Each structure stands twice: as C-alpha cells, then as structure tokens.
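J.: Protein chains in written order, with the numbering used here: chain A, 2 to 305; chain B, 2 to 305. Quick one: the structure is below, questions incoming.
Protein chains: 2
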Amino acid sequence: MDPLPSWNDGWAKAAILDFVARATREGGPDFVPVPERIAVFDHDGTLWVERPVHAQIYFTLDRLAGIVPRDPALRARQPYKAFLERDLATIASFSRREAFEVAFRAHSGLTTAEFLDAASSWFKSAKHPTLGRLFTDCVYQPQLELLDYLRAHHFKPFVVTGGGVEFVRSIAEQLYGIPPEQVVGSSNKTRVESGPGGPAIFTLPEVRSFDDREEKVVNIELHIGRRPRLAFGNSDGDLRMLQYTGRGGGARLGLLLHHDDPAREFSYDREFRLSPLDEALRIAPAEGIMVVSIKNDWRAVFPS
Amino acid sequence: MDPLPSWNDGWAKAAILDFVARATREGGPDFVPVPERIAVFDHDGTLWVERPVHAQIYFTLDRLAGIVPRDPALRARQPYKAFLERDLATIASFSRREAFEVAFRAHSGLTTAEFLDAASSWFKSAKHPTLGRLFTDCVYQPQLELLDYLRAHHFKPFVVTGGGVEFVRSIAEQLYGIPPEQVVGSSNKTRVESGPGGPAIFTLPEVRSFDDREEKVVNIELHIGRRPRLAFGNSDGDLRMLQYTGRGGGARLGLLLHHDDPAREFSYDREFRLSPLDEALRIAPAEGIMVVSIKNDWRAVFPS
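Quick look at the structure:
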C-alpha cells in the first residue's frame, strides 16, 4: 500500500521513500538509531496555509482590544495603524518581525492558560477568508501522510515555527498529533507569580525568542539538543535549519515547499514579505535541498 | 513482582503506587490520558549525588584553563579565586547562582558540539571524591526503578535541572534513558555562525536562563507546554515546580527527597547553600508534598 497517496510519483516522493529506507535499514551504512530520528517541520506555509496572511494575524485582528496601545500617538503609527484599520495589504507588506511583534504583544498580560483557552476557542469557528473552510481544515493532506509515515518508522516530528509557540500548541495535537513538548516556536518572556491557585505564568510584552532564520537553529539546540535528520520548510526563514539538518553524514533530507499552484492553493515566493522565499530557492541545489512543487508533487492539497 | 524493589514499604512507596494506579485506571475519576502523563525530575540531589559539591563544579575545576579571566584583578576576586585555588569549602558556601555562573561561563566560546565531547570524555573517568566510584555510578538506584516504572505506565519523564542543559544531556540518555529533548536546564545564550561546515552553534558568556525556583516553571511551560502530573525534587529550588505540578485536579504527586543518611550517602538540608532545603521542607505538609527519606524509604541507594 502506498504510504503517501497524496504525493505524485516524482523526485520528491522518491527522495522521501529512499531517505526513510536508508535511515531504517539495520546494518546499512546510513542506518539511524531510533533516538536520533528527529524531523523538524516549519508550520505556516509548510504544514498549513499562510496566505493571504498568517492565521495568527487574523487571530490578532479578531481580538483587537488587547493590542490597542493606550497612547494615541502609537495608534496612529505602524504597525499598529494597519492592524487597527484591518488593512491586510499593508500588513502583508510588513516584515515578518514587524507583523508578528504586534501579534505577540497582543496577548501580554494573559496567563499562558488563558491564552490557550482564547486560541482554542477562536479556532472552533474561525474561517479562512478565501478558501471557504475552517483554518483547522487548511492543513496539507500530503504533510499529514508524511508525518504518519515518519512516525510509523519511529521518527519523532517537531514543529519549529516562527509563529507563537502557545498559538501553535493550541492546535498541533489535534491537527498533527504533535504534543506541546514537540512544538518549538517564538515566545515572549514570561513571569511566574504565586497566588492562591499556585504559581501562574504571565506573558510579558517583550519577545524572548523570535524563531526565524539563525534562531531556529538556536532553538533546535535548546529544545531538542540533537541535529535533526529531516527538515521541511518553505521560506528563507527555514534556510539555516535546512542547512543545519543537511550536514553531518548519514541519511539526511532537506525539503523546501514551493507554492506554485494558484488554482488549488496560492502562488508566491520572493514577493511575500511576511515569509519570503528567495535565497533558499536559489541555493537549494548547491545545498542538496529538494524543492517540492505543490502543483507537480501533490495529488491533493487539502483533506477531502 | 515488585516494580520498586529498592524502595522500602512505607508511605512514600504506597503514594507512588497509588498515584500510578489512579492515573492509569481507565474510566476512573483520576484517569490521565497518555499524552498528559508528564513527570519532571530535578537532577542534582534528586537523580544523583550533589555533595560535597555538584559534578558540574568538579568538571569546571578540572578544566580551569577555560575559566581563568585574563584580567588579574578578576582572578583575585570571588567567585573566581575559590575556583582557581580549588577551595571547595568556599565554593560550597556560594549561592547556587554564584557558583554556577562560573561553571556556565567556563565553556563559552566552544561550540555546543565541542562542549558535549568535552563533557562525555570527562565522564568516562571522573571519580566522585569520597564515594570511590565514577560520577556516572552515583545515580540513585530507587530513582532508576521509579523512572522505569513510570515509563512502563506511559509516563514521559523530563529532567528539569538547575545544572547546564548540555552538561546533563551529555549523560542523561546513558544514565536514565532520557533523550536530550527531555532535558530542560540552565543555559547560556548561543550564536549561530555559518561556516564551510554549515551553521555552528557557539556558546556565549551570558546566561540565557538560570533554571531555578520560578524559572523552573517558566521553562516547563516553554519546553513542555503542559502542567506535569508528577514532580520530584530535593531543594527549595524545586518548590515552585512542585507547587505548579500539585495544582489542577486529578492524579498528581509531589515528592521531595530529604538527604538524611550520612552512613550511605550524605546528610544535609538548609545549611548547604548550593542547594538549600528549608522552606520546601517546612511547607511540604500544607502543600501535599510527600517527603521521601533516604534513610527510611530507600532499601538501596546506589546500583550494586
């Protein structure tokens, strides 16, 4: 039985099947012991849709009250102004850092438990603006199959996301079967305060880690402590993680998803400032990173 | 067959057996689904010996070259002076933070891979100064049995240590079967630099997280993202983690190891400044935290 029915036969699918075969062939030259079978996946644009803008930005727009600075001068300034005016075109022109710092700041003051409740409850009804389905149905079917296939071969998948770690944790177990301890992401600083209900964790306004580019490697080391064997990303923000995964010998696989299917999903790369794909696409061949085309490599995009 | 043969029959052993029975009784009121079966263990003094001073301090003393500041004025100042003079009595009188910042600073400039090599190689021959055995043989046999017992019931154990995360990771898999991604600890900031061998991770001199007291709760949230069901510690540094674990309903267990057996191990609590046990011992009863006595509760201390 085909373990990856939503993947078309082609180089990408062949590379995945070959990688897993080599990594799991006991006694073979590329055998990878089970504890070292670590796979890292970017989230937005790799496991699910990130256009027109990221789900976490829609979430932030829907909960504006929390992000409005009291200072009227700030309200008239970017990036706040675009959020207050729900100006998506302007938001999409921000750098990833500009846009996400508003999103991360939006929920400071909440406890992490309160934030998780807010996100879980939002996801119950929040719909993608153009695809006509819940955000939670905007996951990529071929990736769900790949996660299952890797797990069946005793790989442990981690999400390594530029998005907020708590935001992604609120749905990662339900959508991907990935537990919170296998989600690494951006985070704000937190403070623990002891009250009658015991210690509670409050989110502070300052960013602790913006999990993008080099910082993805920093966080892989901090959270996982082991060089992954497979990495899957879709933007320049994933390039360092792909390069880090690709070095070190033995069975290794780096995959880069290219959004080139406007009919079934979206078509974009370097011009999308929130998640640009330019440098990584150019140097992928020299780095041995396999480019996956949604149009050519995926038979289906979404779960039916 | 007794799953905990090195534990004497008594309240502590009964509490552990009862906790696991309740957590795993399907349909019972305290049933805990498998993904939520998170157990957190402090390291030094909880899973292995921390007296006369911590293994990481002996490691630092044995690799002095790296920690000697160039500035002669600094060399004459504490805490450096005591390390340079190998003055263990003075080192043991430091606060945990003072002593460990020297240890953490000692290896800045190395890549994390180089540090892991140095630690692994040191552990191959480093002997405990008074117990006449390798440091790696200074683990507590009852805790090895407890870890196995918990895993047999689908609990996932994490180490949450005030020690350096890379230092503990270098032996956690070998000693406890705990993989690097299940070790949370103190860490310095790191920087990723790209070279011909791909991205490499360098340790910087500044502390990123000193994983003690409230910070243990901060890091449990950051790394695990879920409130644990069982926590085991041995000092005031573990109190917040024990309190955090103890709240929230359902099957929960907090355990606090009291070192009260000078014949077989060591006897100490509030006077050991590197790892004091005072407040936690006083409020344990009111918090429902079970105090475990090495003398009374452990039939054996070390593996034979």
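For glycine and all other residues, C-beta sits at the position ideal for the given N, C-alpha and C. The structure presented is a predicted model; accordingly, all values stated were derived computationally and were not measured.
What does residue 224 of chain B touch in chain A if you count any residue whose Cβ is under 7 Å from its own?
T.: 182 and 224
J.: Express the C-alpha separation of residue 45 of chain A and residue 4 of chain A in angstroms, rounding to a whole number.
T.: 24 Å
J.: Using a Cβ-Cβ distance cut-off of 8 Å, determine whether residue 113 of chain A contacts chain B.
T.: yes
J.: When you compare the CB of residue 191 of chain B with every CB in chain A, is at least one pair closer than 8 Å?
T.: yes
J.: Looking only at C-alpha atoms, which of A:90, A:50 and A:229 sits nearest to residue 129 of chain A?
T.: If you compare the alpha carbons of A:90, A:50 and A:229 with that of residue 129 of chain A, the shortest gap goes to A:50.
J.: Which of the three DSSP states is assigned to residue 232 of chain A in this structure?
T.: In this structure, residue 232 of chain A counts as strand in the three-state DSSP scheme.
J.: Between the segment 193-212 of chain B and the segment 234-250 of chain A, are three or more C-beta pairs nearer than 8 Å?
T.: yes
J.: What residues from chain C crowd round residue 218 of chain B, counting only those whose CB sits closer than 8 Å?
T.: Chain labels in this structure do not include chain C; the protein chains are A and B.
J.: Go to residue 242 of chain A, then tell me how far its alpha helix (DSSP H) extends in each direction, as first and last residue.
T.: 240-247
J.: By the 10 Å Cβ neighbour count, where 16 or more other Cβ atoms means buried, how is residue 228 of chain B classified, buried or exposed?
T.: With 16 or more other Cβ atoms within 10 Å, it is buried.
J.: If we ignore side chains and look at the alpha-carbon of each, how far apart do residue 334 of chain B and residue 280 of chain A end up?
T.: There is simply no residue 334 of chain B to check, as chain B begins at 2 and stops at 305 in what is shown.
J.: Tell whether a beta-carbon distance below 8 Å holds between residue 295 of chain B and residue 272 of chain B.
T.: no
J.: Just the chain A side, please: which residues come within less than 7 Å of residue 126 of chain B by C-beta, in chain order?
T.: Simply none; closest approach about 24 Å.
J.: Which bits of chain B does residue 36 of chain A rub up against, with CB to CB less than 8 Å?
T.: Correct list: 174 and 180.
J.: Return the chain-ordered list of same chain residues with a C-beta closer than 6 Å to the C-beta of residue 190 of chain B, the five sequence neighbours on each side being excluded.
T.: 205, 207 and 209
J.: Please decide whether residue 245 of chain A counts as near chain B, where near means a Cβ-Cβ distance under 8 Å.
T.: yes
J.: Terminal residues of the continuous beta strand (DSSP E) containing residue 261 of chain A?
T.: Where residue 261 of chain A is concerned, the enclosing beta strand (DSSP E) stretches over 254-261.
J.: If you follow the alpha helix (DSSP H) that residue 98 of chain A is in, where does it begin and where does it stop?
T.: 97-107
J.: Starting from the beta carbon of residue 248 of chain A, find every residue of chain B whose beta carbon is closer than 7 Å, and list them in chain order.
T.: Simply 198 and 199.
J.: Per DSSP, what kind of secondary structure is residue 272 of chain B in: helix, strand or coil?
T.: Looking at residue 272 of chain B - three-state DSSP - the assignment turns out to be coil, as it is neither helix nor strand.
J.: Considering only C-alpha positions, which residue in the set A:136, A:249 and A:274 is nearest to residue 57 of chain A?
T.: A:136
J.: So, with DSSP's three-state summary, where would you put residue 221 of chain A?
T.: helix
J.: Is it true that the CB of residue 187 of chain A sits closer than 8 Å to the CB of residue 219 of chain A?
T.: no
J.: Kindly indicate the opening and closing residues of the alpha helix (DSSP H) around residue 297 of chain A.
T.: 295-298
J.: Along the chain, where does the beta strand (DSSP E) that runs through residue 169 of chain A open and close?
T.: No beta strand (DSSP E) holds residue 169 of chain A; the alpha helix (DSSP H) holding it covers 166-177.
J.: Does the distance from the C-beta atom of residue 43 of chain B to that of residue 239 of chain B stay below 8 Å?
T.: yes
J.: Show which residues of chain A have a CB atom less than 7 Å away from the CB atom of residue 274 of chain B.
T.: Those within 7 Å of residue 274 of chain B in chain A number zero; the least Cβ separation is about 23 Å.
J.: Report the CB separation of residue 291 of chain A from residue 12 of chain A in whole angstroms; it is logged as a contact under 8 Å.
T.: Right, their Cβ atoms sit about 7 Å apart.
J.: If you check the beta carbons only, do residue 52 of chain B and residue 269 of chain B fall under 8 Å apart?
T.: yes
J.: Starting from residue 34 of chain A and walking both ways along the alpha helix (DSSP H), at which residues does that stretch end?
T.: Unbroken run through residue 34 of chain A: none, as it is neither H nor E.
J.: Using three-state DSSP, classify residue 86 of chain B as helix, strand or coil.
T.: coil
J.: Classify residue 222 of chain B as buried or exposed, calling it buried when 16 or more other Cβ atoms lie within 10 Å of its own Cβ.
T.: buried
J.: Using a Cβ-Cβ cutoff of less than 6 Å, which residues in the same chain neighbour residue 60 of chain A once the five nearest sequence positions on both sides are dropped?
T.: 123
J.: Quick check on residue 215 of chain B: does DSSP put it in helix, strand or coil?
T.: helix
J.: Below 8 Å CB to CB, which residues in the same chain sit around residue 305 of chain B once its five sequence neighbours on both sides are set aside?
T.: Within the same chain, residue 305 of chain B has close Cβ partners 142.
J.: Of the choices B:24, B:212 and B:178, whose alpha-carbon is the least far from that of residue 97 of chain B?
T.: B:212
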